[in-house]
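A.B. asks: Chains as they are written, first to last, in our numbering: chain A, 22 to 287; chain B, 22 to 287.
Beta carbons are placed, not taken as given, at the ideal position from N, Cα and C, and that holds for glycine.
Mind having a look at this structure? Questions to follow.
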């Protein structure tokens, strides 16, 4: 068996799977909210055994791998395939379903002080159109280019998170957005959120310049502490794509980690 | 396309993959340390779309799913396949590789007070032979049957964890085993650990009866606190298969989560 047999067979399988499986019609029905590209068919080959990229992604999601700067070069296609395909959507749905089960189980006081904290990037707004053009996380973070993308105000909603947001509002919970985006991106962030369906919030907290040099864990913990201790809110739930969104102090009664194999923020 | 087309195609793919891919020889070389069964070929069919079981497992590993009692019935084959196959081993190896990278990066004081905490079940000793006979976690936990299995003293080592253990000892770190097994299983646990290659330890801490009714998080936090505050140890690293092994107080300078889709301990 020649070494290229695996990618070829994998492609054949994927082709058969996409073309004929009962799930194929569902797959083609994934709405285009996040990104218009279709999942790759694998026809370009899969240069590395996917298994190690699978373990890498699991390591990222379980917080075993920390402080990494870029997605390993050899996992670009794997990550791209994951992000554009069905699994990212299924994984996100599973998280949101659990969050909604939890929220429904609560006895809420309804005093207007019960909040749910949402992160923004890769939690409510998706930067997948940007990352799809920039190597799916394999290239070092470029603050200037990324900022240009943010200023375009074109980030789509993460469909599952938007559903959760609407359901939580219907329970009478207030939503607070807590993002690592800088204060000078307030207008574009608010407008982008509003454009894609997030029409109301209790607060939108962006990173003030005095947090410069602090980790996201320190910044977000500090802001959550302020919400609870100074403003009398109670954080009922907290959802983000980074572990730094959900660890630290005042992290909320329950936390939810959305998938994100594109980048790491400490 | 008839509804059973997916399992059939999946089986065909798996057969081709197992028989001919370049990885096949590696797959057949997985040593039998954990369990003598070979991964299932899928020939019995895969009753449910594997994708939702994938998302379920990711939810477990990321601690989004908590307090669950059994593996969903429809994921029995998926979990069995995962546990007996290559991916569990690859995922474990990725965790252990990262732990070893971390350990090597440390400047150790070498004062004999630097310890690494290992959990026992599904971290150093594998109960896979038991779970393979009992529905891969789909059946409710049966304390009497499980205890009989423990008393047989036949649990194999988790190969990757054994490698990590040996390497950590070579750095001069001391190992502490901290397990939810009860104090009255001390002899069999010590003997089993010793049988499979864990020949030395600083302490083997088992659950005293006064922790009865406490969560594993409370019990393990309390014992780790005692190690650090009363005994002057410093927990350099901490590895377990349950989130309750690595959250709580005195959890260690860095923690590592091994995969375990078989059961949940709070």
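Against residue 90/A, what residues of chain B qualify as contacts under a CB-to-CB distance less than 8 Å, listed in chain order?
C.D. replies: Against the first chain, residue 90/A aligns to sequence position 69. Correct list: empty, because the minimum Cβ distance to chain B is about 15 Å.
A.B. asks: Whose Cβ in chain A lies nearer than 7 Å to the Cβ of residue 80/B?
C.D. replies: Within the second chain, the letter at position 59 stands for residue 80/B. Within chain A, the residues near residue 80/B are 115, 116, 119.
A.B. asks: Determine whether the beta carbon atoms of residue 301/A and residue 151/A lie at a separation below 8 Å.
C.D. replies: There is no way to answer for residue 301/A, as the model of chain A reaches only from 22 to 287.
A.B. asks: Going along the chain, which residues of its own chain have a beta-carbon closer than 7 Å to the beta-carbon of residue 203/A, five neighbours each way excluded?
C.D. replies: Translated into positions along the first chain, residue 203/A becomes position 182. Within the same chain, residue 203/A has close Cβ partners 227, 228.
A.B. asks: Determine, using beta carbons only, whether residue 83/B comes closer than 8 Å to chain A.
C.D. replies: Here residue 83/B refers to the residue found at position 62 of the second chain. Yes, residue 83/B counts as interfacial toward chain A.
A.B. asks: Can you look up residue 259/B in the DSSP assignment and give me helix, strand or coil?
C.D. replies: Taking the first residue of the second chain as position 1, residue 259/B is located at position 238. Looking at residue 259/B - three-state DSSP - the assignment turns out to be strand.
A.B. asks: With a threshold of 8 Å between beta-carbons, can residue 73/A be considered close to chain B, or not?
C.D. replies: Start at 1 with the first residue of the first chain, and residue 73/A comes out as number 52. Residue 73/A counts as touching chain B.
A.B. asks: Three or more beta-carbon pairs under 8 Å between the stretch 114 to 127 of chain B and the stretch 174 to 193 of chain B, yes or no?
C.D. replies: Counting Cβ pairs under 8 Å, three or more are found: they touch.
A.B. asks: Below 8 Å, can you find three or more Cβ-Cβ pairs linking the stretch 234 to 250 of chain A to the stretch 208 to 222 of chain A?
C.D. replies: No, the stretch 234 to 250 of chain A does not touch the stretch 208 to 222 of chain A.
A.B. asks: Nearest chain B C-beta to residue 77/A closer than 8 Å, yes or no?
C.D. replies: Along the first chain, read from residue 1 onward, the residue named residue 77/A stands at position 56. Residue 77/A counts as touching chain B.
A.B. asks: Strictly below 8 Å CB to CB, what residues from chain A border residue 277/B?
C.D. replies: Here residue 277/B corresponds to residue number 256 of the second chain, with the count starting at 1. Result: 85.
A.B. asks: By the criterion of Cβ-Cβ separation under 9 Å, what are the contact partners of residue 206/B in chain A?
C.D. replies: For the purposes of this step, residue 206/B is identified with residue 185 of the second chain, where counting begins at 1. Here the premise fails: no neighbours, minimum Cβ distance about 28 Å.
A.B. asks: Which first and last residues belong to the beta strand (DSSP E) in which residue 199/A is found?
C.D. replies: Reading the first chain from its first residue, position 178 is the one you call residue 199/A. 195 to 203 is the extent of the beta strand (DSSP E) around residue 199/A.
A.B. asks: I'd like the list of long-range same chain contacts for residue 242/A, defined as Cβ closer than 7 Å, with 5 residues on each side in sequence excluded.
C.D. replies: Here residue 242/A refers to the residue found at position 221 of the first chain. Closer than 7 Å at the Cβ level, and outside the excluded window around residue 242/A, lie 269, 270, 271.
A.B. asks: Can you find a CB in chain A that lies within less than 8 Å of the CB of residue 108/B?
C.D. replies: Stepping through the second chain from its first residue, residue 108/B is reached at position 87. At least one chain A Cβ lies under 8 Å of residue 108/B.
A.B. asks: Could you work out which residues of chain B lie near residue 140/A, taking near to mean beta carbons separated by less than 9 Å?
C.D. replies: Taking the first chain and counting its residues from 1, one reaches residue 140/A at position 119. Chain B residues near residue 140/A: none, gap ~15 Å exceeds 9 Å.
A.B. asks: Could you pull the start and end residues of the beta strand (DSSP E) that residue 248/A belongs to?
C.D. replies: Start at 1 with the first residue of the first chain, and residue 248/A comes out as number 227. Per DSSP, residue 248/A belongs to no beta strand (DSSP E) and is neither H nor E.
A.B. asks: Could you give the distance in angstroms between the alpha-carbon of residue 157/B and the alpha-carbon of residue 95/B?
C.D. replies: Start at 1 with the first residue of the second chain, and residue 157/B comes out as number 136. Start at 1 with the first residue of the second chain, and residue 95/B comes out as number 74. Going from the Cα of residue 157/B to the Cα of residue 95/B covers about 11 Å.
A.B. asks: Give the DSSP bridge partners of residue 142/A, in chain order.
C.D. replies: On the first chain, position 121 is the one that residue 142/A refers to. The partner list for residue 142/A (beta bridge, DSSP) reads 146/A.
A.B. asks: Could you give the distance in angstroms between the alpha-carbon of residue 239/B and the alpha-carbon of residue 264/B?
C.D. replies: One-based indexing of the second chain puts residue 239/B at position 218. One-based indexing of the second chain puts residue 264/B at position 243. The alpha-carbon atoms of residue 239/B and residue 264/B are separated by roughly 12 Å.
A.B. asks: With DSSP as the reference, please indicate the residues paired to residue 87/B in a beta bridge.
C.D. replies: Numbered from 1 along the second chain, position 66 holds the residue referred to as residue 87/B. Answer is none; residue 87/B lacks a bridge partner.
A.B. asks: Name the residues in the stretch 249 to 270 of chain B whose C-beta lies less than 7 Å from a C-beta of chain A; which are they?
C.D. replies: Correct list: empty, as no residue qualifies.
A.B. asks: Any C-beta of chain A sitting closer than 8 Å to the C-beta of residue 281/B?
C.D. replies: Start at 1 with the first residue of the second chain, and residue 281/B comes out as number 260. It does not; no Cβ of chain A falls within 8 Å.
A.B. asks: Within this structure, are the beta carbons of residue 140/A and residue 257/A separated by less than 8 Å?
C.D. replies: Residue numbering aside, residue 140/A sits at position 119 when the first chain is read from its first letter. Residue numbering aside, residue 257/A sits at position 236 when the first chain is read from its first letter. Cβ atoms of residue 140/A and residue 257/A: not closer than 8 Å.
A.B. asks: Spatial neighbours of residue 192/B within its chain, please: C-beta separation below 7 Å, excluding the five flanking residues on both sides.
C.D. replies: As a first step, residue 192/B is located in the second chain; it is residue number 171 there, counting from the start. Cβ neighbours of residue 192/B beyond the five flanking positions: 124, 129.
A.B. asks: Pop quiz: residue 149/A and residue 104/A are said to be a contact at Cβ under 8 Å. What is the actual Cβ separation, rounded to whole angstroms?
C.D. replies: Within the first chain, residue 149/A is the residue found at index 128, counting from 1. Within the first chain, residue 104/A is the residue found at index 83, counting from 1. Residue 149/A to residue 104/A, Cβ: 6 Å. Contact.
A.B. asks: Give the range of the alpha helix (DSSP H) segment to which residue 267/B is assigned.
C.D. replies: Residue numbering aside, residue 267/B sits at position 246 when the second chain is read from its first letter. That run of the alpha helix (DSSP H) goes 264 to 267.
A.B. asks: Could you check where the beta strand (DSSP E) with residue 277/B kicks off and where it finishes?
C.D. replies: For the purposes of this step, residue 277/B is taken as residue 256 along the second chain, with counting starting at 1. Residue 277/B -> beta strand (DSSP E) spans 276 to 278.
A.B. asks: Comparing alpha-carbon positions, which option in 89/A, 78/A, 175/A lies nearest residue 287/A?
C.D. replies: Here residue 287/A refers to the residue found at position 266 of the first chain. That would be 89/A, whose Cα lies nearest to the Cα of residue 287/A.
A.B. asks: Who are the neighbours of residue 11/A on chain B, taking C-beta pairs under 8 Å?
C.D. replies: Look at the range of chain A in this structure, 22 to 287, and you will see that residue 11/A is not part of it.
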